[in-house]
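Residue numbers (this note's numbering), protein chains in the order written: chain A, 53 to 259; chain B, 53 to 259. Virtual Cβ for every residue (Gly too), placed ideally from N, Cα, C. As the structure is a prediction and not an experimental result, all values here were calculated from the model. To keep things clear, I will list the structure first and then write my remarks on it.
2 protein chains.
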Amino acid sequence: MKVVPAIERLPKRQRHQQLSKLIDENPFITDRELTRLLKVSIQTIRLDRLELGIPELRERLKLMAERSYDSVRSLPLHEVIGDIVDLQLDRSGISMFEIANEHVFSRTGIARGHHVFAQANSLAVAVIDDEIALTAAADIRFIRSVKLGEKCIAKAYVRSVSGEKSKAKVEVFTYVGEEMVFQGNFIIYRSAGDQVDEGGIERADRH
Amino acid sequence: MKVVPAIERLPKRQRHQQLSKLIDENPFITDRELTRLLKVSIQTIRLDRLELGIPELRERLKLMAERSYDSVRSLPLHEVIGDIVDLQLDRSGISMFEIANEHVFSRTGIARGHHVFAQANSLAVAVIDDEIALTAAADIRFIRSVKLGEKCIAKAYVRSVSGEKSKAKVEVFTYVGEEMVFQGNFIIYRSAGDQVDEGGIERADRH
DNA sequence: AATTAATTAGTACCAGGTTATAATAGCTGC
DNA sequence: GCAGCTATTATAACCTGGTACTAATTAATT
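Here it is in structure tokens:
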């Protein structure tokens, strides 16, 4: 009973994997094009999609369009670069950001500085507990280069809140593992209820 | 000849405007739904779309999906942020960068700091005439916030080359019109023929 | 009234599917 | 060797949201 099927006995699982991968790589592919790649009938492709819960081409495009449409409407997915994993307003915060292909120089695999900066800057702004928070100045240091695939952990500490002057000093340290790769001192303007008309560039938006 | 058409005589132009607006507001709307809103036949809707060059629902969704798809895939097209309009290696450079939708906080229309930083940083790196150039440190100031649609002109000046030490100081000023909006002092490591193993994050890449 | 522009109607056709039903192929168990 | 199973393929009807084209109808203009 259930003898291991000597030679191949799971071309289906394999095909399912391939199918998922193909559609993932190119969501714009039609079933007909898939038949040519996978050498099975179009019915098989459709049964496979059914089993795998992969929607038809038009549904896929619609979903993508919806995703991108919402993200235009309510951008704040992107307003903080990196994932905030801890946040104590007006005290400290931690965010994680993995260096992917789109962040590095293709030739060297070294992350472009502004991405590392952006993570730190976003976090510095996010940690300030105010309606509006804007970076006014920063003093930064890239301690070592960060490479493709590395996970940057940024830790921000609010150093002074200076209540009256509506300014905060935030220190950010970014690590890859144990190694510090970046350090920055940020001066953040905060809305003390009313408008800030000079300086600054950022708005905090807790998501 | 061409007497002003007494009462209404341009329900078409008006309808065209409404139609454009409706589709713009909700690109997911079908022609059939539009007939209900505009109280005209579906053929009229389709003629209107034809005249206005508005593609059918499915095309619209596909375009949106494509837009969002490549923006994920090829976000890092430009290794230099902004268009370099003048470059005198080891002396100075100018770049132009227009603040678009994707660079601002949706709620306020204010550019996120790291984009302004990225332009300056890219330029500071580009202006250094060397195989490899990496930002080691920077001291920056956001003088006023930059808003959607504004064109940022960044001017970089190489202040000292300090030949032996393989370090360069670059000053960058970013203007919108006459107004200075950003100022930064960058310290850039340069490859003096051999590797730099500490510090830095950037590679120059003249496009 | 004649002409012209705008609108509506109707038909054929298309892509890229879904749903359902049935026919085959390829082993498996015994 | 054959019933019984899964997997695959085939066939046909139907759906959505259109395009393309032709023709008729309804204003509006001159």
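One thing to note: Asp142/B has its Cβ within 8 Å of the Cβ of Val210/B.
Rounded to the nearest whole angstrom, the C-alpha separation of Ser72/B and Met232/A is 53 Å.
The beta carbon of Arg196/B sits closer than 6 Å to those of Val233, all from its chain and outside the five residues before and after it, given in chain order. Neighbourhood of Ala190/A in chain B, by CB distance below 7 Å: Ile192, in chain order. Selection Ile184/B, Leu200/B, Ile180/B evaluated against Phe238/B yields Ile180/B as nearest (Cα-Cα). Restricting attention to Ile106/A, Arg67/A, Ala220/A, Leu102/A, the CA atom closest to the CA of Leu89/A is found in Arg67/A. For Asn173/B, the enclosing alpha helix (DSSP H) begins and ends at 165-178. Contact note: Gly201/A does not reach chain B at a C-beta cutoff of 8 Å; the least C-beta distance is about 15 Å. With contacts defined as CB atoms closer than 8 Å, Thr82/B and Leu109/B qualify as a contacting pair. Neighbours of Thr187/B in chain A, taken as residues at a C-beta separation under 7 Å, are given in chain order as Gly165, Phe194. For Glu150/B, the enclosing beta strand (DSSP E) begins and ends at 144-150. Counting other Cβ atoms within 10 Å of its Cβ, Ser174/A reaches 16 or more and is therefore classed as buried. Scanning its chain for C-beta atoms nearer than 8 Å, with the 5 sequence neighbours on each side dropped, one finds around Ser243/B the residues Asp182, Glu183, Ile184, Ala185, Ser218, in chain order.
With its beta carbon at least 8 Å from every one in chain B, Leu175/A lies outside the interface. For Ser212/A, the enclosing beta strand (DSSP E) has its first and last residue at 203-212. For Lys114/A, the C-beta contacts it makes with chain B under 7 Å involve Leu113, in order along the chain. The criterion of a C-beta distance shorter than 8 Å is satisfied by Val137/A and Ser147/A. Straight through space, the alpha carbons of His167/B and Glu230/A are spaced by roughly 29 Å.
Taking a beta-carbon distance threshold of 8 Å, Arg211/B does not count as an interface residue toward chain A. The criterion of a C-beta distance shorter than 8 Å is not satisfied by Cys204/A and Thr187/A. About 5 Å separates the CB atoms of Ala117/A and Ala117/B; that is less than 8 Å, so the two are in contact. DSSP lists Asp191/B, Glu223/B as the bridge partner or partners of Asn237/B. Separation of Val222/B and Arg159/A (C-alpha to C-alpha, rounded to the nearest whole angstrom) is 24 Å.
Approximately 18 Å separates the beta-carbon atoms of Ala163/A and Ile192/B; this is outside 8 Å, ruling out the contact. For Leu74/A, the uninterrupted alpha helix (DSSP H) segment begins and ends at 63-77. With distances taken between CA atoms, Phe149/A lies nearest to Ala172/A out of Gln140/A, Ala172/A, Ala220/A.
The alpha-carbon of Glu77/B is positioned some 38 Å away from that of Gln140/A. Ranked by Cα distance from Ala176/B, the options Gly161/B, Ser212/B, Gln70/B, Glu154/B are led by Ser212/B. The C-beta of Phe149/A comes no closer than 8 Å to any C-beta of chain B. A Cβ-Cβ distance of about 5 Å is found for the pair Gly145/A and Ala208/A, placing them in contact under the 8 Å criterion. Taking C-beta separations shorter than 7 Å and ignoring five residues to either side along the sequence, the partners of Ile75/A in its chain run Ile81, Ile106, following chain order.
The C-alpha of Glu111/A lies about 16 Å from the C-alpha of Ile97/A. Tyr227/A is outside the set of residues whose beta carbon lies under 8 Å from a beta carbon in chain B.
Taking 8 Å as the CB threshold, Ser197/A lines the interface with chain B.
Judged by beta-carbon spacing, Phe194/B lies within the 8 Å limit of Gly165/B, meaning their Cβ atoms are closer than that value.
For Glu154/B, same chain residues with a beta-carbon under 6 Å away, outside a window of 5 residues either side, do not exist.
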